[in-house]
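*Asks:*
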Ligand code: 3HC
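Numbering (this note's numbering), first residue to last: 57 to 740.
(1) Can you round the beta-carbon distance between residue 457 and residue 437 to whole angstroms, since I take them to be within the 8 angstroms contact cut?
(2) Buried or exposed for residue 502, please, with buried defined as at least 16 other CB atoms from any protein chain shown within 10 angstroms of its CB.
(3) Along the alpha helix (DSSP H) that carries residue 696, what are the first and last residues, could you check?
(4) On a Cα-Cα basis, can you pick out the residue from 486, 347, 395, 515 that is closest to residue 380?
(5) Comparing the CB of residue 776 with every heavy atom of ligand 1, is any distance shorter than 7 angstroms?
(6) Start and end of the beta strand (DSSP E) containing residue 148?
(7) Under the three-state reduction of DSSP, which class applies to residue 356: helix, strand or coil?
(8) I'd like to know whether the C-beta atoms of residue 71 and residue 60 end up nearer to each other than 8 angstroms.
(9) With C-beta atoms as the reference, is residue 723 less than 8 angstroms away from residue 653?
(10) Quick one: using the 10 Å Cβ neighbour count with 16 as the cut-off for buried, is residue 739 buried or exposed?
(11) Is residue 664 near ligand 1, going by C-beta to nearest heavy atom under 7 angstroms?
(12) Assess, as a yes-or-no matter, whether the segment 208-218 is touched by the segment 89-109 under the definition of 3 or more beta carbon pairs within less than 8 angstroms.
(13) Considering only DSSP beta bridges, list what residue 407 is partnered with.
(14) For the beta strand (DSSP E) that residue 100 lies in, which residues bound it at each end?
(15) Tell me the rounded alpha-carbon separation between residue 68 and residue 109.
(16) Between residue 65 and ligand 1, is there a pair consisting of the residue's CB and a ligand heavy atom that are separated by less than 7 angstroms?
(17) Grouping DSSP H, G and I as helix and E and B as strand, with all else coil, what is residue 669?
(18) Go ahead and label residue 76 buried or exposed: buried means 16 or more other beta carbons lie within 10 angstroms of its beta carbon, across all protein chains shown.
(19) DSSP three-state call for residue 750: helix, strand or coil?
(20) How about the segment 339-354 and the segment 429-446: do they share at least three Cβ pairs that are nearer than 8 angstroms?
(21) Residue range of the alpha helix (DSSP H) that residue 264 falls in?
(22) Grab me the residues of residue 570's own chain with a C-beta within less than 7 angstroms of its C-beta, minus the 5 sequence neighbours each way, in chain order.
(23) Need the endpoints of the beta strand (DSSP E) that residue 60 sits in, please.
(24) Let me know the secondary structure DSSP gives residue 26 once reduced to three states.
(25) Under a three-way DSSP split, which group does residue 553 fall into?
(26) Please report the distance separating the alpha-carbon of residue 338 from that of residue 420.
(27) At the level of alpha carbons, what is the spacing between residue 311 and residue 407?
(28) Going by Cα to Cα distance, which pick from 394, 690, 577 is closest to residue 182?
(29) Less than 8 angstroms between the CB atoms is what I'm expecting for residue 473 and residue 499, so what's the real figure, rounded?
(30) Let me make sure I understand the geometry here. Which of 413, 480, 491 has the alpha-carbon closest to that of residue 471?
(31) Using DSSP with H/G/I as helix, E/B as strand and the rest coil, what is residue 194?
(32) Examine ligand 1 and report whether any of its heavy atoms sits within less than 7 angstroms of the Cβ of residue 366.
(33) Out of 261, 693, 239, state which residue places its alpha-carbon closest to the alpha-carbon of residue 201.
(34) Taking DSSP's pairing of strands, which residues face residue 604 in a bridge?
(35) Only counting the same chain, and skipping five residues up and downstream in sequence, which positions put a Cβ closer than 6 angstroms to that of residue 82?
(36) Taking DSSP as the reference, what is the three-state secondary structure of residue 309?
Printed below as a string of structure tokens:
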């Protein structure tokens with residue numbers, strides 16, 4: 057049963073029952089429609105609709121979006137509720153999102169519990185509210201709030217929704233409160249569709265369009281949503297509803313919605329593999345070694361999820377610095393209202409910093425976030441092993457180093473795994489869990505359990521230089537540097553990639569992280585680099601010139617005021633010079649060509665990563681690229697995008713590039729196999 061119903065005192069109680077989140081599928085729609093007829097036939101005085109469990113309804117069932125729409129359609133069901141002579145009241149027991157909020161809006165009244173939230177997050181799935189949301193919401197809350205809610209997609213808590221006149225009351229027991237509503241008062245309530253629509257406000261629409269263009273560039277759904285809201289004002293409700301529905305259906309089967317759905321379900325499927333044979337270790341006390349930006353961010357992320365944290369640093373001064381960094385993060389979150397005063401105090405109480413490893417004793421997990429150097433990391437792990445229980449798990453936050461070599465220093469190397477966080481660690485969603493040659497299932501299961509508590513997206517990676525994400529990044533940068541050396545400027549490369557959908561291009565991004573990190577990596581790789589691989593020396597020249605990025609006021613760009621970037625002709629000249637010495641005849645690359653090369657380079661590298669078993673699936677590559685490296689979410693991730701190009705087309709383009717440089721562009725055998733078997737890249 058997807059919709060439960062019963063009658064008591066001539067009042068109908070309708071409960072949406074489709075666990076886990078009461079997504080509105082065909083059966084729920086059918087059940088609601090039947091409930092309208094049932095209530096009318098029984099001449100009920102009112103119907104109180106609520107959701108079973110913690111959720112009111114999480115919106116239309118997005119799993120149905122790939123198939124043809126099935127009757128009854130949600131707009132028709134909601135019209136039936138809105139137009140029924142039996143008034144419906146929504147008792148909003150938990151989140152009411154998308155179609156869930158639209159059900160509530162079709163009711164004559166809305167009463168929410170204090171824990172409830174309402175939202176129209178459809179644009180985050182690449183669609184618009186498709187069951188009257190763009191029409192009913194402005195009639196209830198006014199144009200400005202409706203535009204912000206529908207284009208932003210963020211939910212509103214119950215009290216804010218009350219202030220915005222979205223709902224009529226907040227009550228600990230919304231069902232009882234709905235029962236108690238005075239019959240006369242209820243009788244005076246006008247059906248939402250009959251409420252007058254707000255007046256057109258051209259300036260407000262223009263301002264919203266500008267905000268959307270800035271915050272969600274190239275995304276279609278928010279623009280379509282704005283149009284639907286505009287077209288729905290001062291117009292016949294049912295005509296406008298037909299147009300809204302058509303726009304929804306067209307977006308639903310478009311490439312952006314498919315990509316965003318892929319991301320949504322991919323993220324929810326990121327869970328511990330069923331093949332893990334061990335249970336996670338219970339965690340209460342966690343040690344973090346190293347209190348720099350990364351270590352402090354990790355420590356705060358842990359404190360925020362109620363773990364006790366001991367942070368180990370090298371000496372008094374370093375302990376003081378690390379403590380300050382953690383304190384700053386607690387304060388910043390508190391000031392922004394993300395944690396209450398009491399939670400901030402509790403975070404401080406759970407935190408301890410010291411330069412004595414013995415303080416870490418009793419921790420069941422240690423996360424090493426020290427300087428990126430093999431000897432330093434091995435020393436840290438040895439010291440941890442000496443003070444922690446034999447059962448405790450050890451982990452390293454290394455971005456590139458070989459975990460097997462690190463584990464060598466331990467008596468029991470199975471205790472060690474990689475937990476690769478991304479900066480800022482308390483914000484970024486991705487967590488690469490790196491499985492070393494000896495890593496135990498207990499360690500991995502513990503990593504996954506930690507990711508779940510921290511609400512991070514875990515992706516399992518094997519050992520190689522840079523694991524999944526940084527290895528892809530290295531190839532991306534190499535392709536960018538080659539294009540730069542052979543004909544472009546960093547700003548042309550950056551602009552091309554911003555047009556592709558990145559928030560910033562590779563050069564601006566590297567100015568933020570610092571050119572010295574990549575330099576240290578290049579020196580580390582000197583001994584093992586394939587001598588036949590072309591080496592682009594421009595970045596080394598930048599180091600010689602002291603251009604390390606924003607922190608030195610100049611990197612690939614200059615930052616005269618410390619904030620805004622300007623192009624630097626000296627940097628462009630470096631490429632001319634180096635190309636001259638290397639005997640390169642420079643070519644002009646179009647933006648399309650730059651994009652083609654950088655993206656193909658990453659796809660080919662990703663294919664090798666899959667071929668070597670470093671990543672488990674193409675979907676994992678998508679999770680990494682979207683959640684850790686700024687690949688445009690609305691393109692679904694690197695391999696989802698690759699699938700839209702097709703393996704055969706990719707291989708033929710790579711083969712053409714291979715004639716230019718057979719080492720850098722060597723076509724991955726994995727891609728060749730995909731092309732030969734006509735297999736979908738995304739399904740691998
Ligand atoms: N459709 C299908 N499945 C959904 C779903 C939806 N709208 N929302 C959640 N689910 C599934 C998830 O895939 C997950 O499945 P799994 O257990 O098999 O992995 C399960 O429900 C639980 O979801 P979460 O892991 O996300 O649970 P949380 O408790 O962390 O979050 C939530 C719950 C806040 C409801 C969150 O799931 C969410 O934000 N859902 C999407 C809401 C949304 O975007 N709604 C709009 C849909 S489009 C629409 O309504 C169009 C309409 O206007 C016509």
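Cβ atoms here follow ideal geometry from the backbone N, Cα and C, with glycine treated the same way.
*Replies:* According to the structure data:
(1) Between residue 437 and residue 457 the Cβ distance is about 12 angstroms, and since that is not below 8 angstroms, they are no contact.
(2) buried
(3) 694-701
(4) 347
(5) No information on residue 776 is available, as it lies outside the stretch 57 to 740 that the chain covers here.
(6) 144-148
(7) helix
(8) yes
(9) no
(10) exposed
(11) no
(12) no
(13) 365
(14) It is not in any beta strand (DSSP E) - residue 100 carries neither H nor E in the DSSP assignment.
(15) 19 angstroms
(16) no
(17) coil
(18) exposed
(19) Given that the chain is displayed from residue 57 to residue 740, the structure contains no residue 750 and the question cannot be resolved.
(20) yes
(21) 258-271
(22) 604, 605, 607
(23) 59-64
(24) The question about residue 26 has no answer here: the residues shown for the chain are numbered 57 through 740.
(25) helix
(26) 8 angstroms
(27) 47 angstroms
(28) 690
(29) 4 angstroms
(30) 491
(31) helix
(32) no
(33) 261
(34) DSSP, once it has assigned bridges, lists no residue as partnering residue 604.
(35) 126
(36) coil
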